[in-house]
Amino acid sequence: MDQLLALVTAKDNLTFGAVFKRFTSLFPISKRFNACSYLALLAEHSDLVPDVNHRLRVIFLLFRTYSDGPLTANPFFATLCQCLHTPPLNPTTDHHPPYSLSIQELVFLHQLIDGKVAQLESETPEKVQHMALTQPLMHPSPPDTASLLASMNVSDPTEPVFTRLLPYPDKHVPSSSSAATADKSRVQLQSLPSYSESSTFPAPSIIPTPPALPMTDDELLWINPTQIDYTLLWDTGSQPLPTKAESKQLFQRACEQQLLPEEQESLKKQLEDHPQLIYQIGFTPDSLQLLVDRNPLIAIECLLKMMESPRITDYFSVLVNMDMSLHSMEVVNRLTTACELPTEFIHLYISNCIATCERKEDKYFQHRLVRLVCVFLQSLIRNKLIDVQVMLTEVEAFCIEFSKIREAASLYRLLQNFHISKT
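The sequence shown lines up with residues 132 to 554 when you count with my numbering.
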């Protein structure tokens, strides 16, 4: 009903016809009865919608929804009549009795009952208020609705018409004539029209409670315990979980200095037992460079735990672009043996290593790096971790350039043997 309340309390200056058009577009015929029931509640309790413009919309929608037929066909006509017979609101107090309306609303409702619906559709609530205040008759008398209510079998307008089929019993009839009253009720029931199955009626708002199932002798009885004592049992066999603060502090030390062997084993064991810790200790691509230089074994363990993360490509980019060293090659070599790495990453890393060797001007340091790269490549080739055919030309040129180094010559012979075995 939020849409209905928003429509009624909107602060626009729409005409009543435009408001009704929106109402019919929001609520199809099958749902209008429920919507009007909500509007009837707002009409009964005017303090729920204190603005007069909004209450004028409520009254118009209640009346206009069923105005295509006679007044007696409107299931909410008794509610509107009750509003007519209730003293008007006192503007000097905040008291809102049920079914009480202001003078403007009463004049507006009189005009609707008098058949001026078509004229009022083109008016706005503000204009209707102005017209009502300028009426010479400030306290109009309610129209004669007694005959209409009598034709609807409604003797008490405070009760909605759609909740009863028969009139209320006459309190003035003596108890001795109860049999005659029962006969009269039976006649009225028989005189009710019969409807086909295709007729559409709103579903009953009150569903009767179904009867209880009978008890049988073999039925189990549900026993509700009167005293319940909840006692927590601690699992003494479980190992204590490492705290997030301890693991994070140990990881930060690993990025700043080389850990002791027992500290490395402790951090590795925490990551192995609780893989989710890797997302809580502060392991980022920026910290990977520091971790590889100082504690490569910890870096390997952290990268293995991040393999399922979508951010693993950021860590691969750091490995490819960092300066080549024994620790970085050890990390990549361990990763290739422990899991399947992307082929393009391995090729980019090898190309970076070859380019680093070629750029070094210090011959001693250059030869040392060449030996490391050659041993690294031989390990990858023998373990069949790379496709040699893809980088054969680049690696052979590297071996020929540094052919005076024994490891480069051994790598070149290994490539030739591989090439011969393939042909």
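Glycine included, C-beta positions come from ideal geometry on N, C-alpha and C.
Predicted model, so just to flag it, every value in this text is computed and none were measured.
- The DSSP-derived three-state label of G148 is helix.
- Of V504, S418 and I190, the smallest CA-CA separation from L457 is found for V504.
- For the set P218, M132, M346 and L237, the Cα lying nearest the Cα of P229 is the one of P218.
- Contact between M522 and I481 holds, since their C-beta atoms are separated by about 6 Å, short of 8 Å.
- The beta carbon of S231 sits closer than 7 Å to those of S177, T217, P218, P219 and L220, all from its chain and outside the five residues before and after it, given in chain order.
- Listed in chain order, the alpha helix (DSSP H) elements of length 4 or more contained wholly in the segment 437 to 520 are 443 to 452, 457 to 469, 474 to 490 and 494 to 513.
- The segment 486 to 493 makes no contact with the segment 460 to 478: fewer than 3 CB pairs, one atom from each, lie closer than 8 Å.
- Rounded to the nearest angstrom, the gap between the Cα atoms of M262 and F158 is 31 Å.
- In this structure, the CA atom of Q388 is about 47 Å from the CA atom of S552.
- Taking 3 residues as the shortest admissible run, the segment 169 to 253 contains no complete beta strand (DSSP E) segment at all.
- I536 carries a coil assignment under DSSP once its states are collapsed to helix, strand and coil.
- Between I190 and L240, the C-beta gap is smaller than 8 Å, which places the two residues in contact.
- Taking C-beta atoms as the reference points, F447 and I485 fail to come closer than 8 Å.
- The segment 348 to 359 makes no contact with the segment 375 to 388: fewer than 3 CB pairs, one atom from each, lie closer than 8 Å.
- Going by C-alpha positions, T146 is about 19 Å away from D199.
- R188 is positioned such that its CB atom lies no closer than 8 Å to that of V248.
- Each residue's CA atom was taken as its position, placing R513 and F549 some 10 Å apart.
- Rounded to whole angstroms, the Cβ separation of V449 and F476 is 11 Å, and the two are not in contact under 8 Å.
- In the three-state reduction of the DSSP assignment, A343 falls in the coil class, being assigned neither a helical nor a strand state.
- With a cutoff of 8 Å on beta-carbon distance, C386 and S418 are scored as near each other.
- When the five nearest sequence neighbours on each side are left out, the beta carbons in the same chain lying within less than 8 Å of the beta carbon of D424 are those of S456 and H458, in order along the chain.
- Contact between A171 and L193 holds, since their C-beta atoms are separated by about 6 Å, short of 8 Å.
- Each residue's CA atom was taken as its position, placing R544 and F533 some 13 Å apart.
- Boundaries of the alpha helix (DSSP H) around D424: P416 to R425.
- The distance from the Cβ of E432 to that of L402 is about 5 Å, consistent with a contact at the 8 Å cut-off.
- Only buried fits Q213, as 16 or more other CB atoms lie within 10 angstroms of its CB.
- Under the three-state reduction of DSSP output, I338 falls in the coil class, being neither helix nor strand.
- Burial is judged here by how many other beta carbons sit within 10 angstroms of a residue's own beta carbon; F207 has at least 16 and is buried.
- For F382, the uninterrupted alpha helix (DSSP H) segment begins and ends at K375 to E387.
- Here A166 is buried, its C-beta having at least 16 other C-beta atoms within 10 Å.
- Rounded to whole angstroms, the separation of the alpha carbons of L516 and A539 is 19 Å.
- No Cβ-Cβ contact shorter than 8 Å links E254 with R186.
- Cβ-Cβ distances below 7 Å link F507 to M460 and N464 in the same chain, with the five nearest sequence neighbours on each side left out; the list follows chain order.
- In the three-state reduction of the DSSP assignment, Q358 falls in the coil class.
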